[in-house]
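Working notes, structure below.
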Amino acid sequence: MIEFDGVGHRYGERVVLADVDLVIPERRVAFVGLNGSGKSTLARMINGLVLPTTGKVLVEGLDPAKKGAAVRRKVGFVFTNPDSQIVMPTAGEDVAFSLRRSPLSRAQRAERAREVLAEHGLDGYADHPAHQLSGGQKQLLALCGMLVLDPDVLVCDEPTTLLDLRNKRRFVQLLGQLRQQVVLVTHDLDLLDDFERVIVLDEGRVVADDRPEPALRHYRKLAE
Amino acid sequence: MNPLGLYAPGSSPLHRLPAGAKFLGMLLLVTSTVLLSSPRWLAVLCLAVALGYAVARIPARRLLPLVRMLLLMAAVLFALQAWLLSVHDAAVTALRLVAALGAASLLTFTTRVDAVVAALERGLGPLRRFGVRPARVGLFVGLTLQAVSTLSGIASSVQEAARARGAERSLVAFAVPFLVRTLTYADELGEALAARGAGDED
Chain H
815 MIEFDGVGHR YGERVVLADV DLVIPERRVA FVGLNGSGKS TLARMINGLV
865 LPTTGKVLVE GLDPAKKGAA VRRKVGFVFT NPDSQIVMPT AGEDVAFSLR
915 RSPLSRAQRA ERAREVLAEH GLDGYADHPA HQLSGGQKQL LALCGMLVLD
965 PDVLVCDEPT TLLDLRNKRR FVQLLGQLRQ QVVLVTHDLD LLDDFERVIV
1015 LDEGRVVADD RPEPALRHYR KLAE
Chain P
821 MNPLGLYAPG SSPLHRLPAG AKFLGMLLLV TSTVLLSSPR WLAVLCLAVA
871 LGYAVARIPA RRLLPLVRML LLMAAVLFAL QAWLLSVHDA AVTALRLVAA
921 LGAASLLTFT TRVDAVVAAL ERGLGPLRRF GVRPARVGLF VGLTLQAVST
971 LSGIASSVQE AARARGAERS LVAFAVPFLV RTLTYADELG EALAARGAGD
1021 ED
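This is the structure:
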């Protein structure tokens, strides 16, 4: 469960978010909005990458402002550009990097990384140079780096922006199969058919909050 | 082309050596290149590094691009220094470069980065009482090795974009986008590391 209670955020004088009140128990939720609407800032608040300047966020009852490390253990975050998220030279090492604080030995971490890569379409890529993977494979690798920790919540900030149509569909199909609660920030509206709830933001405020069809109708009107 | 080669799996004696020992050996060799100023001794160091490559049995297809790049860099540096200073100084600088970069590449060819990071964290453990944070030092070294590859990728794509605009000889056309993309990369990397809990542990 994710809760936003009177959440606001400003960068200097610029108000990015204002008075956001949301309770999100659904497993598949999307944030949509025009550029600069505040949706990425709202998503970053879920694992404490950005803290609210007013109000409070709670993730499974934990406040990221006070229990940042604990929240980050529960919340995985996938960014738009996987090149910025991949921090180790090979795919296997990068996934194992996420496990560096686990009690597993180095060999066990490497084995677990191989398993997670294999489970998500990257079987045999553990020793492959990460930055030589295709765009779709890199985004899968970024996802594996999060899933290996088995978080409760997965936040994805425009993860399909750099992918072709096939990889977009594959990525979203994969998201649909996960046990985690997924919060997706996206401009790819046709990928949201199976989502339970779509929250539309405009100029830092929630302007629609509904099932995909009515919420996206509202969003399309905004964009006209 | 990444000046530091990526790991090439193998079972040679160098591959099997503990990562910490190899890291120390590399540090010792690089320090020696700085301390020595005789071209003859520096040439001996280059030969020792070359011997290391022979022992490690790095595949030729992985080795050739590195050798080409090292020789090109050394030749340019030698010509420049010989013109500005002397042939002796030029030889010293070029040999230092070949020995140091060759040794660093040999380490990355024969050792996984996470093994180097783990060895560093173990080795620096006793310094914790003096305020050293081994996890951070290990992460720093791992990210540095990884950043070399990423930055060379950024440089290639910026050069390509400059060529597409017919500006391949313009320093500004290279430097400005390279700087912007490097800073953006640093910013995004910092955010990604925070999201993956780096810094939470210590």
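As they're listed, the protein sequences go chains H and P. Under my numbering, the first residue of the first sequence is numbered 815, with each subsequent residue one higher. Under my numbering, the first residue of the second sequence is numbered 821, with each subsequent residue one higher. Note that CB positions come from ideal geometry on N, CA and C, so glycine has one too.
### Query
Relative to the alpha-carbon of H:Pro973, which residue among H:Asp877, H:Arg824, H:Val892 has its alpha-carbon at the smallest distance?
H:Val892
### Message
What are the residues in the region 959-975 of chain P lying within 8 Å of chain H by C-beta distance?
### Response
Gly962, Leu963, Leu965, Gln966, Ser969, Thr970, Gly973
### Query
Mind checking if P:Gly830 is an interface residue toward chain H, Cβ cutoff 7 Å exclusive?
no
### Message
Against H:Ala883, what residues of chain P qualify as contacts under a CB-to-CB distance less than 7 Å, listed in chain order?
### Response
Gly1017, Asp1020
### Of the residues H:Thr1000, H:Ala1037, H:Ser912, the one placed nearest H:Thr855, counting alpha carbons only
H:Thr1000
### Message
By alpha-carbon positions, which one of P:Val933, P:Thr853, P:Ala982 ends up nearest to P:Ala920?
### Response
P:Thr853
### Query
Just the Cα atoms here: how many angstroms apart are H:Leu863 and P:Arg1016?
10 Å
### Message
Can you tell me whether H:Lys881 is helix, strand or coil according to DSSP?
### Response
coil
### Query
Hey, H:Met902 and P:Val936: beta-carbon distance below 7 Å or not?
no
### Query
What is the DSSP secondary structure of H:Glu1017, reduced to helix, strand or coil?
coil
### Message
Quick check: what's the CA-CA separation for P:Ala914 versus P:Ala880?
### Response
23 Å
### Query
Which whole-angstrom value is the C-beta distance of H:Pro1026 and H:Val1012, which I expect to be below 8 Å?
5 Å
### Query
In chain H, which residues lie with their C-beta within 8 Å of the C-beta of P:Leu1013?
Val901
### Query
In this structure, what does DSSP give as the bridge partners for H:Cys970?
H:Val892, H:Leu998
### Task
Keeping to the same chain, check which residues put their C-beta closer than 7 Å to that of P:Met821; ignore five residues upstream and five downstream.
Per-residue confidence for P:Met821 stands at a pLDDT of 49, beneath the threshold of 50, marking its modelled position as unreliable; no derived number is given.
### Task
Identify each residue in the region 987-1008 of chain P for which the Cβ-Cβ distance to at least one residue of chain H is less than 7 Å, and report them in chain order.
Tyr1005, Glu1008
### Message
Using only the alpha-carbon positions, how far apart do H:Phe845 and P:Leu844 sit?
### Response
50 Å
### Task
Could you name the residues of chain H that P:Leu826 contacts, counting a contact when the two beta carbons are closer than 8 Å?
Pro903, Thr904, Pro943
#### Entry: Interface flag, P:Met821 vs chain H, CB-CB below 7 Å
The predicted position of P:Met821 is uncertain, since its pLDDT is 49 and thus under 50; no value can be drawn from it.
### Message
Just to make sure I have the definition right: I need the residues of chain H whose C-beta is within less than 7 Å of the C-beta of P:Val933. Which are they?
### Response
Met902, Pro903, Glu907
### Task
Please name the residue in H:Val996, H:Asn861, H:Lys1035, H:Asp1004 whose C-alpha comes closest to that of P:Asp1020.
H:Asn861
### Query
Quick check: the region 983-997 of chain H against the region 826-842 of chain H, are there 3 or more CB pairs under 8 Å?
yes
### Query
For chain H, is any of its Cβ atoms less than 7 Å away from the one on P:Ala938?
yes
### Task
Identify, in the order they occur along the chain, each residue of the same chain with its Cβ nearer than 7 Å to the Cβ of P:Ala894, setting aside the five sequence neighbours on each side.
Ala914, Leu917, Val918
### Query
Out of P:Ala910, P:Ala938, P:Leu862, P:Leu834, which has the shortest C-alpha to C-alpha gap to P:Ile878?
P:Leu834
### Query
What is the DSSP secondary structure of P:Met821, reduced to helix, strand or coil?
For P:Met821, the predicted model reports a pLDDT of 49, less than 50, meaning its position is unreliable and no value from the coordinates is stated.
### Task
On a CA-only basis, which of H:Leu1030, H:Ala927, H:Asp978, H:Asp941 is nearest H:Ala910? Give me that one, please.
H:Ala927
### alpha helix (DSSP H) segments (min. 4 residues) lying fully within the region 921-1007 of chain P
933-944, 954-984
### Query
In three-state DSSP terms, what is H:Val1012?
strand
### Message
Assuming H:Gly1018 and H:Gly826 are in contact, meaning their beta carbons sit under 8 Å apart, how far apart are those beta carbons, in whole angstroms?
### Response
Not confirmed; about 14 Å, so no contact.
### Query
Is the CB of H:Phe985 under 7 Å away from at least one CB in chain P?
no
### Query
Within 10 angstroms of its Cβ, does P:Leu826 collect 16 or more other Cβ (buried), or is it exposed?
buried
### Query
H:Tyr825 by DSSP, collapsed to three states: which one?
strand
### Query
Can you name the start and end residues of the alpha helix (DSSP H) that P:Val869 belongs to?
859-876
### Task
Taking all protein chains shown into account, decide if P:Phe950 is buried (16 or more other Cβ within 10 angstroms of its Cβ) or exposed.
exposed
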